[in-house]
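Residue numbers (the working numbering): 43 to 178.
Glycine included, C-beta positions come from ideal geometry on N, C-alpha and C.
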Amino acid sequence: MSNLEQTLSIIKPDAVERNLENEIKEMFKSNGFTILKEKKIKIEKSEAEKFYKVHQTKPFYSDLCDYLSSGPIVVIVLEKENAVLGNRELMGATNPKDAEEGTIRKKYGISIDKNSVHGSDSVENAKIEIDFFFKD
Ligand code: IDP
Ligand code: MG
């Protein structure tokens, strides 16, 4: 049965800063994802705090929000069959040290905080996150 999904990816400041935007987008395309929407933006810390609200009790929350708002990011809506899980697999583990060979974070991630990409973790959150950046 067909299960076309959309998911939100963010190319984080560490990757944009190293000009990895096109290489990462090529990885999405060569893995069968369609880029439906994309924009390069810079967000305020208050917006990062909203986006990462689920992590507000974590010790790394403030640093995380400082980081996501520290420079330009590219927000992307990806579409594919089972896109949410597929993107999580292509991204690799949160800590690049634990990421599998061939994943984006293994290839480009620097550290657990500078791990180059974000990806929605469920279909429900994907909808919320896509709306967050693309609701007009
Ligand atoms: P995910 O990005 O793989 O979904 P989450 O657990 O949702 O990982 O965490 C969101 C982001 O917070 C991670 O991508 C990472 O940059 C950062 N993060 C997660 N855990 C830690 C930590 O233990 N120390 C510092 N930063 C962390
Ligand atoms: Mg997450």
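Residue i (DSSP reduced to helix, strand or coil)
| i | result |
| --- | --- |
| E142 | coil |
| I154 | coil |
| G128 | helix |
| K148 | helix |
| K169 | helix |
Nearest to residue i (by Cα), restricted to the options the options
| i | options | result |
| --- | --- | --- |
| F176 | M133, I154, I118, I146 | I118 |
| I85 | G134, S153, D108 | D108 |
| P114 | D178, M69, E80, S164 | E80 |
| M69 | A141, D105, N129 | N129 |
| E121 | E59, V165, P55, N61 | V165 |
| I53 | K169, E143, Q98, S162 | S162 |
Contact set for residue i: own chain, Cβ-Cβ below 6 Å, skip 5 residues either direction
| i | result |
| --- | --- |
| N73 | L132 |
Neighbour-count burial assignment, residue i, 16 or more Cβ in a 10 Å radius
| i | result |
| --- | --- |
| H181 | For the chain, the structure presents residues 43 to 178; residue 181 sits outside this window and is missing. |
| E171 | buried |
| F102 | exposed |
| G151 | buried |
| K82 | exposed |
| N64 | exposed |
| E91 | buried |
| L78 | exposed |
| V126 | buried |
| V116 | buried |
| T49 | buried |
Contacts around residue i, its chain only, beta-carbon distance under 7 Å, and the 5 residues preceding and following it disregarded
| i | result |
| --- | --- |
| I154 | T136, N137 |
| N124 | N45, E47 |
| I146 | I66, M69, L132, M133, G134, S158, V159 |
| S112 | P55 |
The ligand ZN heavy atom lying under 6 Å from the CB of residue i
| i | result |
| --- | --- |
| T49 | Within the structure as shown, the ligand ZN is missing, the only ligands being the ligand IDP and the ligand MG. |
Q. If you scan the stretch 55-119 from start to end, which runs of the beta strand (DSSP E) of 3 or more residues do you find wholly inside it?
A. 76-83
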